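Everything on this sheet refers to the single structure shown next.
2 protein chains.
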Amino acid sequence: MEASIESGRAGQRPAIAEVLRESIRQGMLAPGQPLIQASIAEAMGVSRIPVREALHALAAEGLVTFGEDGGARVTALAPEEVDELWTLRALLESHMAPAIVRTATPADVDALRELVAAMDDLEATAWSDRNFSFHQELHRLAEMPHFADATGRVLTMIEPYSRVAVSVLQEQSEAQAEHHQMIEALAAEDSDELARLLLHHSHRARKALLAYAAETAKPVDPQAVATAAARSLADHLGA
Amino acid sequence: MEASIESGRAGQRPAIAEVLRESIRQGMLAPGQPLIQASIAEAMGVSRIPVREALHALAAEGLVTFGEDGGARVTALAPEEVDELWTLRALLESHMAPAIVRTATPADVDALRELVAAMDDLEATAWSDRNFSFHQELHRLAEMPHFADATGRVLTMIEPYSRVAVSVLQEQSEAQAEHHQMIEALAAEDSDELARLLLHHSHRARKALLAYAAETAKPVDPQAVATAAARSLADHLGA
DNA sequence: AGAGAATACAGTGTATACACTTAAATGTAA
DNA sequence: TTACATTTAAGTGTATACACTGTATTCTCT
């Protein structure tokens, strides 16, 4: 995704788009929720102008959708769309495997190993956060900025939905086991194995998510897992 | 890409982002060119506010880059980036082949065949326009909106650079021949062949572009192919 | 009470105005 | 002429203000 330094000149500001993007990714702002410009502006202590700019940027990223009435909402994905995005993620991520193996230094591998080890016994929310970082770090190693960018975008879009799966199923432990395998494949410089693992990683998670969606009434509802703190922010921003 | 109807409420406006996106894609606004808000606003007959929103949206799409000084410019890609994007395009496009074959109706195929036939003897600029439409149409048929979106984004980003190759090399006739083959593969419902052709299509074009870049001093300079009319618009918008 | 008209409200879109920053142009002294 | 200080201009960032639109609410009349 974009560099975190939003602008040199006005750079000391907390970067409105960044805050909204993270809030959406972490599920604090649930899919479908209206994003009222004035509320966000007040919450952030700025006028509506920079808020509008952030919303337009996020809309271009696909995280926000402007309705016909002009109102912005957190993009809500249909199950088929989530499915498609998981497929896209699998394709992009597995394609980066050779580059990752090629450019990763032993120090990189160690850092990743440590990161994954630190995730072993985290609860769902904290684990999801680290999980996102782990994959982003992997992408960064490939030194393919546009692949990483596209993949990061997709990861961000599906994250609210992934979190449902992580919190509900035994998904977390399986994914975590695969993370360890990925580190070993990386250490062994086995790019085919890494690609295979990344493909499998996505496909399994995708299937788990869809299975969960199928067996519950309200198919995919990240709102349900929003934390209490998250809810209060969401309520503050909501209509 | 986003739906063309930018907004219901203020929808009758010519959609500023749209105009800028097209201008960049077609090379009227050359990579690296400064995008002065006030100039664009005046040229479009609006204030800077909606212009800024458009620029932020385009920045999120990667077509525009905000410098450290806050100024926006048309994104200029390094040769490695163009190379990477061609690879990305090949990957995405070829992956859509089975879905395209699956969902295309005979009427769709006929329409595409006609479109391609109409391109046979066009000069470079007009051909490039139709070429873009042809591929977009192909993506649309796959009924995979997020794949199509990502691919369209990439196509747009590399378009100014592709045009250089089309105008300088015999690229156009080779690409056109491949287009005809794609139609036949599609008509024969041979998705493997279609995927192969799409891969080859990108890889060959990519190599041709890089070869051209290597043998010229100024590696990739789309400015050189901007038409006279384009230049005047660019100059008007430029600093 | 219920249907329809009039009003108030909530929200967006955007033009204007002003503060701030950087870089260029100008002027001045050695 | 060159180096340095000063002013000017060009550009951006954003707060405020106002116009517009749809929706809910209230009021009125039957």
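Quick note, the sequences are listed as chains A and C, same order.
Position one of the first sequence corresponds to residue 1 (my numbering), numbered consecutively onward.
Position one of the second sequence corresponds to residue 240 (my numbering), numbered consecutively onward.
Even for Gly, the Cβ is constructed at its ideal location relative to N, Cα and C.
Here the structure is a predicted model, which is why all the values come from computation and not from measurement.
Residue i vs residue j beta-carbon contact at 8 Å
i        : j        : result
C:His374 : C:Leu361 : no
A:Leu77  : A:Leu20  : no
C:Ala293 : C:Ile339 : no
A:Ala60  : C:Glu300 : yes
C:Pro273 : C:Arg328 : no
A:Met119 : A:Gln176 : yes
C:Leu377 : C:Thr342 : no
C:Val355 : C:Ala426 : no
A:Trp127 : A:Gln181 : no
C:Glu413 : C:Arg443 : yes
C:Met335 : C:Phe371 : no
C:Leu237 : C:Ser333 : Chain C is shown only over 240 to 478; residue 237 of chain C falls outside these bounds and no answer can be derived.
A:Arg48  : A:Ala38  : yes
C:Asp322 : C:Arg445 : yes
A:Ala150 : C:Ala280 : no
Where residue i meets chain C, residues with beta-carbon distance less than 7 Å
i        : result
A:Leu198 : Going along chain C, no residue has its Cβ under 7 Å from A:Leu198, so there is no contact; the nearest lies around 14 Å.
A:Ala57  : His295, Ala296, Ala298, Ala299
Strand pairing of residue i, partner residues [DSSP]
i        : result
C:Pro273 : C:Arg312
C:Thr304 : C:Arg312
Within chain C, partners of residue i - CB distance below 9 Å
i        : result
A:Ala150 : Leu327, Leu331, Ala389, Arg392, Val393
8 Å Cβ cutoff, residue i in contact with chain C
i        : result
A:Met182 : no
A:His179 : no
A:His95  : yes
A:Leu20  : no
A:Thr75  : no
A:Ala230 : Caution is warranted here: a pLDDT of 49 is assigned to A:Ala230, below 50, making its placement in the model unreliable, and no coordinate value can be reported.
Nearest-angstrom Cβ-Cβ length linking residue i and residue j, presumed shorter than 8 Å
i        : j        : result
C:Ala192 : C:Leu433 : With chain C covering only 240 through 478, there is no way to say anything about residue 192 of chain C.
C:Leu324 : C:Ile422 : Contact doesn't hold; Cβ gap of about 25 Å is too wide.
A:Met157 : A:Leu91  : 15 Å between Cβ atoms; not a contact.
A:Ala124 : A:Ser167 : 4 Å
C:Pro337 : C:Leu449 : The pair is not a contact, with the Cβ atoms about 29 Å apart (cut-off 8 Å).
C:His439 : C:Glu417 : 7 Å
A:Thr75  : A:Pro145 : Contact flag wrong, Cβ pair sits at about 24 Å.
Proximal residues of chain A, C-beta to C-beta of residue i below 7 Å
i        : result
C:Ala282 : The contacting residues do not exist; C:Ala282 stays about 20 Å from chain A at best.
C:His385 : Glu81, Glu84, Leu85, Leu88
C:Arg291 : Glu53
C-beta neighbour in chain A for residue i, strict 8 Å
i        : result
C:Ala299 : yes
C:Ile288 : yes
Any non-hydrogen atom of the ligand SAM closer than 7 Å to residue i Cβ
i        : result
A:Ala118 : The ligand SAM is not among the ligands present in this structure, which contains no ligands whatsoever.
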